[in-house]
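Chains as they are written, first to last, in this note's numbering: chain A, 446 to 946; chain B, 446 to 946.
2 protein chains.
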Amino acid sequence: MTITSYNPRTGQANGTVQEMSAHDVRDVVERASGASSAVAAASPRQRRGWLHAVAAALVANTPGMVKLAELETALGYTRLTAEVSRAAGQLRFYGDVAAEGSYLAATIDHPTSTTPGLARVNQPLGPVAVFGASNFPFAFGMLGNDLGSALAAGCPVIAKSHPAHPLLSDRLAVLARTALLSAGAPKGSFDIVVGYDAGVALVRDEGVAALAFTGSQAAGQALWRIANERRTVIPTYAEMSTVNPVVVTRAAAATRMEEIAEGCVASFTLGSGQFCTKPGLVFVPAGTAAVDAIGKALRRASLDLVMLTEAIAKSTAHGVEDLMFSGARVVELVEVSVEGWSAPAAVLEAGIAALQDGSRLLEECFGAVVVVVEYTDIAKLAAAVDRLQGSLVGSVFTADEDDPDATACLSLLSSKVGRLCANDWPTGVAYTWAQQHGGPWPSTSAPSATSVGAAALDRFVRPVTYQSLREEWLPPALQSTNPWNLPRRVNGVLQPRGATS
Amino acid sequence: MTITSYNPRTGQANGTVQEMSAHDVRDVVERASGASSAVAAASPRQRRGWLHAVAAALVANTPGMVKLAELETALGYTRLTAEVSRAAGQLRFYGDVAAEGSYLAATIDHPTSTTPGLARVNQPLGPVAVFGASNFPFAFGMLGNDLGSALAAGCPVIAKSHPAHPLLSDRLAVLARTALLSAGAPKGSFDIVVGYDAGVALVRDEGVAALAFTGSQAAGQALWRIANERRTVIPTYAEMSTVNPVVVTRAAAATRMEEIAEGCVASFTLGSGQFCTKPGLVFVPAGTAAVDAIGKALRRASLDLVMLTEAIAKSTAHGVEDLMFSGARVVELVEVSVEGWSAPAAVLEAGIAALQDGSRLLEECFGAVVVVVEYTDIAKLAAAVDRLQGSLVGSVFTADEDDPDATACLSLLSSKVGRLCANDWPTGVAYTWAQQHGGPWPSTSAPSATSVGAAALDRFVRPVTYQSLREEWLPPALQSTNPWNLPRRVNGVLQPRGATS
């Protein structure tokens, strides 16, 4: 069986790759399991070296990688070039976070008259299966946040080749394997499986210890169910997204609606709307020209509405129809004609009363589609927000100066999202220490986890406490001389780097 | 419908309590939901005050509580009195951990030329359903670790009355509600539901945000499945346990086997073996008198083999039979005769080859039952340990001086447990900063979580990141003046308490 790579701009085939058998998958997992101890035993600084090496290889191969990615994704050279740079920066960041050492959460309680000596440290889980996204072939793909944080935390990674960019997946796999081996990482630290059945076999394999996924709710929840039916259930970190609500306050609409409308269109059409952080539902005050302003801004926009795959293009078009069947009306709809796979961009409007449990209006419509909803007062807005599903991110747009509704609107959204923005569109996701990219169910399968930012490493470790062990039996992170120079907590008190216990 | 309370020493009824209807459960959850914002908004220091108040009420009512607990559990006055004291200590500890503030993981990244200002803090999930254990009516019951850590983290708690001690559950509920209200906690901060159907309705209620459970694998996994089938899936923290393996090295057996045998019997018969940390499978070197020594130590022990419930007594007796059907032979078996519910204490021996996937020998047998297995060399031991399920805890017993096998044996067990002891029996679980009470699946449903120790609070929060919010819109934990005096991470650097950003 083979997988065909297509050019979304033409619908023509680029080539094919071979799927892997169940036997091949077993071999890959065996090799990863064989590498587990060595990857775990490497110091965080060594792993940092490996990740910086993969980043350097990515940067060095940018032109070829971008050319191949454009053939398979049609995301454009400018965006893809920036994405390679971001992907490299992320890998370096996760390596640096590992080396800083807080992710180990080393904690030491000396023995007392009533309690034994206890010392706790996070240990890597073992081989992690990574299912990357179609919409970010570099930053959230094979060598994206999941690989970076899993390898930084000390886990071998087995990535699934993405069917929307199988040739690029192959090439990224060769690049990463080579760079890791050259940097001294054990053989088996990284590998790839190819094909749908191979992916399912990977998740079912008892040698796999955790699952990281970025993509649609249907696929993410299906994998989560498979993981929950294993003999040894493993944690599933599926980042799936929902509508990402935005609220425009009355004062904001009154003072700067044009600017907000332009920003809204730029955000929801970015990358043809194929962002998990796309604003999908925008609440605007009734009795203003807000709905019209957003429609007009779409009409003025210059758009490239090529979609990643034929399935996504169809799904976006059907999504617009479904929203109309659910009571939304079209404010503005733009279509472009290409040989390949395109979908419309649309501003729809729905009445607030239509936002009821089970309505399609409460679900994500992947693509350049936004639903605008008018609210008359904060109480009505609160009731509607209460019915929303959990989302990755939400935004509130306020007046430049004092805005009487700002606090209430921010407070409403905060219980529904993992990240809350004020006067920023939600699309961009910075990789820093304070980032949270994971929201309440069903936007994410594990809402207290994040797939971007320093805390992404926490997904791939579990704590082990050592009781009454002699100094020489303890792992380096817990030895009294603090050989890895970690920040640690000793007898309940945080100690900065450089302290010994 | 009513639930009958029984005296395990006589099998006679103590009285009955009324089960609650689905409608009653909904009311309880409504009240908890109503209290959520106020509980979350209280400062950690305020919540510390509430927990210290409940602890004080427990201590003040010790004699009456212990008398009632003894009538329903037969665990004995000495043990129960100590357990009330421990339960009070735990509540104070979780309050102190909250007040220290690290559990909030406040993290601030100032804006840069390429990234927005981001600030991340853990927020309470909302109402937590607590299903306590039968075997620790105070420390792991209604007012145990789960209530303490959930309330400390800012979540209202709804506890299920335990059918093995329904009268005590009622009394504890009144005590906690009264103490919390007196200390200024909002109405609805704590409540109780009564009955099997009420418990299921509680887990299914969309107002419940997380589930904490301590008990059997069958019940824990059933609740985990129900939670996973909700419209909004919630995290389930089920602490269930399995066999808790112990390894005695060859040098240890050669130099101090009598002492180890005495310790083993004391540990596996403690509380009639009704501990989730009971050592269930003990590996001893072949060609020594270790098996016999453990058998003889049981014969010498003075035992009180009354079990908590009729069902547990029957299950322990059947468990011994099942182990024999699975190839184990009886080394020593002790029975006591009481009017009420008793079960045998037993030392069994099984061949290492019998430890195969699916064998009953690999599963927990709740009660004063241990299976001893001889190993000929470390390679054979390693192969057997590899087939074990995940456990809460394991122990290695070594020679007093240099022991050539110590490191290998510790390393073998560490991948199978959440806590690893050297020369300590596993039964005791100290509540300190470095504790981990949660092991690999299936001993715990969420192996990276702990139900005892400072990190227990982490189960009941999720991070929210605020992007580009003005100072006055941020929660206190993230304001630049650091009004709660928290340890925080600012621009990637840990700042001790007292620092401002």
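Virtual Cβ for every residue (Gly too), placed ideally from N, Cα, C.
Problem set entry | Selected residue, minimal CA-CA separation from A:Asn930, among A:Ser488, A:Gly540, A:Ser661, A:Asp469 | A:Ser488
Problem set entry | Interfacial residues, the stretch 564-592 of chain A to chain B, with Cβ spacing under 7 Å | Ala564, Arg565
Problem set entry | Interface residues of the stretch 862-883 of chain A facing chain B [CB-CB below 9 Å] | Val862, Gly863, Arg864, Leu865, Cys866, Ala867, Asn868, Asp869, Pro871, Gly873, Ala875, Tyr876, Thr877, Trp878, Ala879, Gln880, Gln881, His882, Gly883
Problem set entry | DSSP state of A:Ile679 mapped onto helix, strand, coil | Looking at A:Ile679 - three-state DSSP - the assignment turns out to be coil, as it is neither helix nor strand.
Exercise. How about A:Arg454 and A:Gly785: do their beta carbons lie closer than 7 Å?
Worked result: yes
Problem set entry | Within chain A, the residues that B:Ala900 reaches when beta carbons sit closer than 9 Å | Ala550, Thr552, Arg565, Pro908
For this session: Mind the definition here: the stretch 824-833 of chain B touches the stretch 688-706 of chain B only if three or more C-beta pairs lie below 8 Å; say whether that holds.
Result: Touching, yes.
Problem set entry | chain A residues whose Cβ lies nearer than 8 Å to that of B:Leu625 | Those do not exist, as B:Leu625 stays about 23 Å from chain A at its closest Cβ, beyond 8 Å.
For this session: Assign A:Gly599 to buried or exposed, taking buried as 16 or more other Cβ atoms, counted over all protein chains shown, within 10 Å of its Cβ.
Result: buried
Problem set entry | Exposure label - A:Phe842; buried when at least 16 CB within 10 Å | buried
Problem set entry | Check: A:Ala505 C-beta below 6 Å from any heavy atom of the ligand PLP | This structure lacks the ligand PLP; in fact it carries no ligand of any kind.
Problem set entry | Three or more C-beta pairs below 8 Å linking the stretch 868-882 of chain A and the stretch 549-568 of chain A | Touching, no.
Exercise. Are B:Ala932 and B:Pro941 closer than 7 Å when you measure CB to CB?
Worked result: Checking the sequence, you will find Pro at residue 932 of chain B rather than Ala. Against a cut-off of 7 Å, the Cβ pair of B:Pro941 and B:Pro932 comes out as a contact.
Problem set entry | Test item: CB-CB of A:Ile637 and A:Ala654 under 7 Å | Not closer than 7 Å, so no.
For this session: Return yes when the Cβ of A:Ala813 is within less than 7 Å of the Cβ of A:Gly718, no when it is not.
Result: yes
Exercise. Where does A:Cys854 sit, in a helix, a strand or coil, going by DSSP?
Worked result: In this structure, A:Cys854 counts as helix in the three-state DSSP scheme.
Exercise. If you draw a straight line from the alpha carbon of B:Glu766 to that of B:Ser804, how long is it in whole angstroms?
Worked result: If you draw a straight line from the Cα of B:Glu766 to the Cα of B:Ser804, it comes to about 13 Å.
For this session: Pull up the CB-CB distance for A:Trp918 and B:Ala851, whole angstroms please, since I reckon it's below 8 Å.
Result: 7 Å
Exercise. Is the beta carbon of B:Leu520 less than 7 Å from the beta carbon of B:Leu612?
Worked result: Going by beta carbons, B:Leu520 and B:Leu612 fall outside the 7 Å limit.
For this session: Please compile the residues from chain A whose C-beta is within a distance smaller than 7 Å of the C-beta of B:Ala851.
Result: Trp918
Exercise. For B:Cys866, does the three-state DSSP call read helix, strand or coil?
Worked result: strand
Exercise. Are at least three pairs of beta-carbons, each pair with one atom in the stretch 657-666 of chain B and one in the stretch 617-635 of chain B, less than 8 Å apart?
Worked result: no
For this session: Since I believe A:Val639 is in contact with A:Met465 (beta carbons under 8 Å), could you give me their beta-carbon distance rounded to a whole number of angstroms?
Result: 5 Å
Exercise. Any idea which residues DSSP pairs B:Pro569 with across the strands?
Worked result: Looking at the DSSP assignment, B:Pro569 forms a beta bridge with B:Val906.
For this session: Starting from A:Pro611, follow the alpha helix (DSSP H) in both directions and report where the run begins and ends.
Result: 611-627
Problem set entry | Own chain, CB closer than 7 Å to B:Ala922, minus 5 neighbours either side, in chain order | Leu549, Ala551, Val566, Trp929, Leu931
Exercise. What does A:Arg934 touch in chain B if you count any residue whose Cβ is under 7 Å from its own?
Worked result: Trp878
Exercise. Excluding sequence positions up to five away, which residues of its chain have a Cβ less than 6 Å from the Cβ of B:Arg537?
Worked result: His497, Ala500
Exercise. Quick one: complete alpha helix (DSSP H) runs, 4+ long, within the stretch 739-777 of chain A?
Worked result: 755-770
For this session: Could you check the C-alpha separation between A:Leu947 and A:Ala621 for me, to the nearest Å?
Result: In the structure as shown, chain A starts at 446 and stops at 946, and residue 947 of chain A therefore has no counterpart that could be examined.
Exercise. Which residues in chain A sit within 7 Å of B:Trp886, going by Cβ to Cβ distance?
Worked result: Thr677, Val678
For this session: Could you tell me the boundaries of the beta strand (DSSP E) in which B:Val841 lies?
Result: 836-842
Problem set entry | Assigned exposure category for A:Gly716 - 16 Cβ within 10 Å defines buried | buried
For this session: Compare the C-alpha of B:Asp961 against each of B:Arg493, B:Gln568, B:Ile448, B:Ser896 and name the closest.
Result: Not covered by the structure: residue 961 of chain B. The range shown for chain B is 446 to 946.
For this session: Measure the alpha-carbon distance for A:Pro608 versus A:Ser450 and round it to whole angstroms.
Result: 7 Å
Problem set entry | Contacts around A:Gly456, its chain only, beta-carbon distance under 8 Å, and the 5 residues preceding and following it disregarded | Residues of the same chain with a CB within less than 8 Å of the CB of A:Gly456, apart from the 5 flanking positions on each side, are Glu755, Glu784, Gly785, Trp786 in chain order.
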